[in-house]
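Residue numbers (this note's numbering), protein chains in the order written: chain Y, 873 to 964; chain V, 27 to 164.
Ideal placement from N, C-alpha and C gives every residue a C-beta, glycine not left out.
Since the model is a prediction, treat every value here as computed from it, not as a measurement.
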Amino acid sequence: MQQSSESDATLVVALPATVDLHARPAGLLVREASRFGAAIAIVANGRRASAKSILEVLALGATGGTDLTLTASGADAADALAGLGELIPRLA
Amino acid sequence: MNFGDQNGLAHLLVVSHSARIAEGLAELLSQVAGPEVTILAIGGASDGSLGTDGERVREALEAAGDGPGTVVLMDIGSSVLAVRAALAELEPDQLERIFVADAPLVEGALAAAVTASTGAPADVVAAAAEEARSAAKL
C-alpha cells in the first residue's frame, strides 16, 4: 500500500480472474466500503466510481482480472483499504 | 400486513403493475443487498392480473407508518397514483417515517437496498435511490 499522506491511501487490487464485478459481488464491495467513514474511489478501465455507490460500481463494467485502483481519504482510510484489499480477492 | 423484522434497518416498499416484476425485483435486491433488508414487494391487481391493488398499497403504507422508516418505489401510472392516494390518508406522524423515491424502479431499488443494508436512515436511502435518475450505465 502506498501512503501519500496520513489520511490518503491508495491500493491496487485485481479482481479474481473468474469474477466480473456484477450485481452480487458489487453489492458485497459496496457494503464493505460503506462500513468506513473515508471517501473511497475506485478507478478501473479509465472509469471512476464511488465505492459506496452500487450503480457507479456496476457502471465500471470491470471484468475478471481487472486491476481496481482504490483511493481512500479520511481518518479510517487505511482500515478501509485493508478491508477492501481483503475482500476483493475473495469475491466469488 | 407486517414487515416483520426488528433490526432497525430502513425498509423498502416496492409497488409494481406486475406481481412477477415485484417478486423478481425483491429476489434481486435480497441477492445484492443481503437478507437483512426488509423488502415488501406488491405487484398486480387483486385478481392477479396486471394492475394495482390500492387496498394492499394502503395497508402496506399504514404498516410502514409504524416502522423504522420506509422508502417507497413505484413503477408507473396507477402504482404512483395508488401510493399518492394512500399517503393522503395517513397522519402526519406516520408520513414522517415514509419517504417516496422519485426514481427508476429497478436501479433506484437496487441503490436503496444496498444503502439500507449499511444502516443508513430512510431519508438517506431515498436520496440514494434518486441518484439512479442520473446514473450512467455505459
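Checklist entry - Can you tell me whether glutamate 133 (chain V) is buried or exposed, with buried defined as 16 or more other CB within 10 angstroms of its CB? => result Mapped onto the second sequence, residue 133 (chain V) falls at position 107. Looking at its Cβ environment, which holds 16 or more other Cβ atoms inside 10 Å, glutamate 133 (chain V) is buried.
Next on the checklist: For leucine 87 (chain V) and serine 44 (chain V), which I take to be in contact (beta-carbon distance under 8 Å), what is that distance rounded to the nearest angstrom?
Outcome noted: Counting from one through the second sequence, the residue named residue 87 (chain V) turns up at place 61. Counting from one through the second sequence, the residue named residue 44 (chain V) turns up at place 18. Leucine 87 (chain V) to serine 44 (chain V), Cβ: 20 Å. No contact.
Checklist entry - If we count Cβ pairs, one from each stretch, closer than 8 Å, do we get three or more for the region 53-62 of chain V versus the region 107-126 of chain V? => result no
Next on the checklist: According to DSSP, is arginine 919 (chain Y) part of a helix, a strand, or is it coil?
Outcome noted: On the first sequence, residue 919 (chain Y) is found 47 positions in, with the first residue counted as 1. In the structure shown, arginine 919 (chain Y) sits in a strand (DSSP, three-state: E or B).
Checklist entry - If we count Cβ pairs, one from each stretch, closer than 8 Å, do we get three or more for the region 136-148 of chain V versus the region 901-919 of chain Y? => result yes
Checklist entry - Leaving out five residues before and five after leucine 959 (chain Y) in sequence, what residues of the same chain have Cβ atoms less than 6 Å from its Cβ? => result Here the question's residue 959 (chain Y) lines up with position 87 in the first sequence. Taken in chain order, the residues that qualify are Glu904.
Checklist entry - Beta-carbon separation of alanine 889 (chain Y) and glycine 937 (chain Y) under 7 Å? => result Here residue 889 (chain Y) is taken as the residue at index 17 of the first sequence, counted from 1. Here residue 937 (chain Y) is taken as the residue at index 65 of the first sequence, counted from 1. In this structure, glycine 937 (chain Y) lies closer than 7 Å to alanine 889 (chain Y) by Cβ.
Next on the checklist: Let me see if you follow: with CB-CB separation under 7 Å, is leucine 51 (chain V) close to chain Y or not?
Outcome noted: If you number the second sequence from 1, residue 51 (chain V) lands on position 25. At least 7 Å separates the CB of leucine 51 (chain V) from every CB of chain Y.
Next on the checklist: On the criterion of 16 or more Cβ atoms from any shown chain inside 10 Å, does arginine 82 (chain V) qualify as buried, or is it exposed?
Outcome noted: Sequence index remark: in the second sequence, residue 82 (chain V) carries index 56 (1-based). Label assigned to arginine 82 (chain V): buried.
Next on the checklist: What residue range does the beta strand (DSSP E) around alanine 67 (chain V) cover?
Outcome noted: Taking the second sequence and counting its residues from 1, one reaches residue 67 (chain V) at position 41. From DSSP, the beta strand (DSSP E) with alanine 67 (chain V) extends over 65-69.
Item to check | isoleucine 102 (chain V), DSSP secondary structure in three states | outcome: Position 76 of the second sequence, counted from the first residue, corresponds to residue 102 (chain V). Of the three classes helix, strand and coil, the one that applies to isoleucine 102 (chain V) here is coil, per DSSP.
Checklist entry - Does alanine 931 (chain Y) come within less than 7 Å of chain V when only Cβ atoms are used? => result Here residue 931 (chain Y) is taken as the residue at index 59 of the first sequence, counted from 1. Chain V contact via Cβ: present.
Item to check | Status (buried if at least 16 other CB within 10 Å, exposed otherwise) for methionine 27 (chain V) | outcome: Position 1 of the second sequence, counted from the start, is the residue given in the question as residue 27 (chain V). Interpretation of methionine 27 (chain V) is limited by its pLDDT of 47, a score under 50 that renders its predicted location unreliable; no figure is taken from the coordinates.
Next on the checklist: Cβ closer than 9 Å: which chain Y residues qualify as neighbours of threonine 64 (chain V)?
Outcome noted: Taking the first residue of the second sequence as position 1, residue 64 (chain V) is located at position 38. Within 9 Å Cβ-Cβ: nothing; threonine 64 (chain V) doesn't reach chain Y, min ~16 Å.
Next on the checklist: Within a Cβ cutoff of 6 Å, which residues of the same chain sit near isoleucine 47 (chain V), ignoring the five residues on either side of it in sequence?
Outcome noted: Numbered from 1 along the second sequence, position 21 holds the residue referred to as residue 47 (chain V). Contacts found: Gly69.
Checklist entry - Of the residues that make up the region 917-949 of chain Y, which ones have a beta carbon closer than 9 Å to any beta carbon in chain V? => result Along the region 917-949 of chain Y, the positions whose C-beta sits under 9 Å from a C-beta of chain V are Lys924, Ser925, Ile926, Leu927, Glu928, Leu930, Ala931 and Gly933, read in chain order.
Checklist entry - Within 10 angstroms of its Cβ, does serine 160 (chain V) collect 16 or more other Cβ (buried), or is it exposed? => result Against the second sequence, residue 160 (chain V) aligns to sequence position 134. Answer is exposed; the Cβ neighbour count stays below 16.
Checklist entry - Name the chain A residues whose beta carbon is nearer than 9 Å to that of alanine 895 (chain Y)? => result In summary, chain A is missing from the structure at hand, where the protein chains are Y and V.
Item to check | Proximal residues of chain V, C-beta to C-beta of glycine 899 (chain Y) below 9 Å | outcome: Your numbering for residue 899 (chain Y) matches position 27 in the first sequence. Result: Gln57, Val58, Ala59, Gly60, Leu136, Ala139, Val140 and Ser143.
Next on the checklist: Considering only their Cβ atoms, is the gap separating alanine 162 (chain V) from alanine 931 (chain Y) smaller than 7 Å?
Outcome noted: Taking the first residue of the first sequence as position 1, residue 931 (chain Y) is located at position 59. Taking the first residue of the second sequence as position 1, residue 162 (chain V) is located at position 136. Inclusion of alanine 931 (chain Y) and alanine 162 (chain V) in the CB contact set at 7 Å is warranted, their separation being smaller than that value.
Item to check | Test item: CB-CB of serine 56 (chain V) and threonine 78 (chain V) under 7 Å | outcome: Within the second sequence, numbered from 1, the residue matching residue 56 (chain V) stands at position 30. Within the second sequence, numbered from 1, the residue matching residue 78 (chain V) stands at position 52. Against a cut-off of 7 Å, the Cβ pair of threonine 78 (chain V) and serine 56 (chain V) comes out as no contact.
Checklist entry - Can you pull the DSSP bridge partners for leucine 55 (chain V)? => result For this step, residue 55 (chain V) is matched to residue 29 along the second sequence. The partner list for leucine 55 (chain V) (beta bridge, DSSP) is empty, contrary to what the question assumes.
Next on the checklist: Taking the beta carbon of glutamate 928 (chain Y) as the centre, do at least 16 other beta carbons fall within 10 Å, making it buried, or is it exposed?
Outcome noted: Residue 928 (chain Y) sits at position 56 when you count from the first residue of the first sequence. By the neighbour-count rule (16 or more Cβ atoms within 10 Å), glutamate 928 (chain Y) is buried.
Next on the checklist: Between Y:Ala910, Y:Val884 and Y:Ala916, which has its C-alpha nearest leucine 893 (chain Y)'s C-alpha?
Outcome noted: The count along the first sequence starts at 1 and reaches residue 893 (chain Y) at position 21. When each option's Cα is compared against that of leucine 893 (chain Y), the closest is Y:Ala916.
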